[in-house]
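In the numbering used here, the protein residues as written are 1075 to 1216. Worksheet: one structure, shown below.
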């Protein structure tokens, strides 16, 4: 597992919309936009239903997460992160609580997750490789 650079941790904690790419059973890509957060050095996302992306992860744990890193005036490329991960799906009674915590990041501190509390799923993404453009990217790519 790759340790996440401080700048990347800060970016994730700021609430970027993340594009999660999984592999469908026929080998084609499947991309979903999700909220992400941190649990130690793992990235996590919460889900209240057992959606296609979760079934894909259970079959093939290779997942790529990408997200923008914020506008930098005058830069040729907007910073972005690409994280190659191995993911696991965990049935959890804490999924709603994770989504409620992320709601406060993505929608503001006075908001609660707008779905009934109940069981769901938490996906844990163990980062194997970091790429993209920004201070989190390997020096060879800057």
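No residue lacks a Cβ here, since even glycine has one placed at the ideal position from N, Cα and C. On a predicted model such as this, the values are computed, not experimentally measured, just so you know.
Pair within 9 angstroms by beta-carbon distance, residue i and residue j
| i | j | result |
| --- | --- | --- |
| residue 1128 | residue 1204 | no |
| residue 1112 | residue 1087 | yes |
| residue 1019 | residue 1130 | No answer is possible for residue 1019: it lies beyond the span of the chain, which begins at 1075 and ends at 1216. |
Close-in-space but distant-in-sequence residues of the same chain around residue i (CB under 8 angstroms, 5 per side omitted)
| i | result |
| --- | --- |
| residue 1211 | 1155, 1204, 1205 |
| residue 1189 | 1122, 1170, 1173 |
| residue 1124 | 1195 |
| residue 1077 | 1115 |
Contacts around residue i, its chain only, beta-carbon distance under 7 angstroms, and the 5 residues preceding and following it disregarded
| i | result |
| --- | --- |
| residue 1185 | 1177, 1178 |
| residue 1090 | 1141, 1142 |
| residue 1106 | 1094, 1127 |
| residue 1164 | 1195, 1196, 1198 |
| residue 1137 | 1094, 1095, 1096, 1131, 1159, 1161, 1199 |
| residue 1187 | 1170, 1173, 1174, 1177 |
| residue 1191 | 1170 |
CB-CB length for residue i against residue j, believed under 8 angstroms
| i | j | result |
| --- | --- | --- |
| residue 1109 | residue 1195 | Not confirmed; about 14 angstroms, so no contact. |
| residue 1167 | residue 1183 | 24 angstroms between Cβ atoms; not a contact. |
| residue 1079 | residue 1209 | 7 angstroms |
Nonlocal neighbours in the same chain, by C-beta distance under 6 angstroms from residue i, ignoring five residues either side
| i | result |
| --- | --- |
| residue 1134 | 1097 |
| residue 1119 | 1108, 1110, 1197 |
| residue 1085 | 1143 |
| residue 1117 | 1110, 1199 |
In DSSP terms, what residue i is bridged to
| i | result |
| --- | --- |
| residue 1136 | 1160 |
| residue 1211 | DSSP, once it has assigned bridges, lists no residue as partnering residue 1211. |
| residue 1198 | 1118, 1162 |
| residue 1097 | 1103 |
| residue 1108 | 1092 |
| residue 1189 | Answer by DSSP bridge pairing: none, since residue 1189 is not bridged. |
| residue 1113 | 1116 |
Inspect the CB distances between the stretch 1158-1172 and the stretch 1195-1203 and report whether three or more fall short of 8 angstroms.
yes
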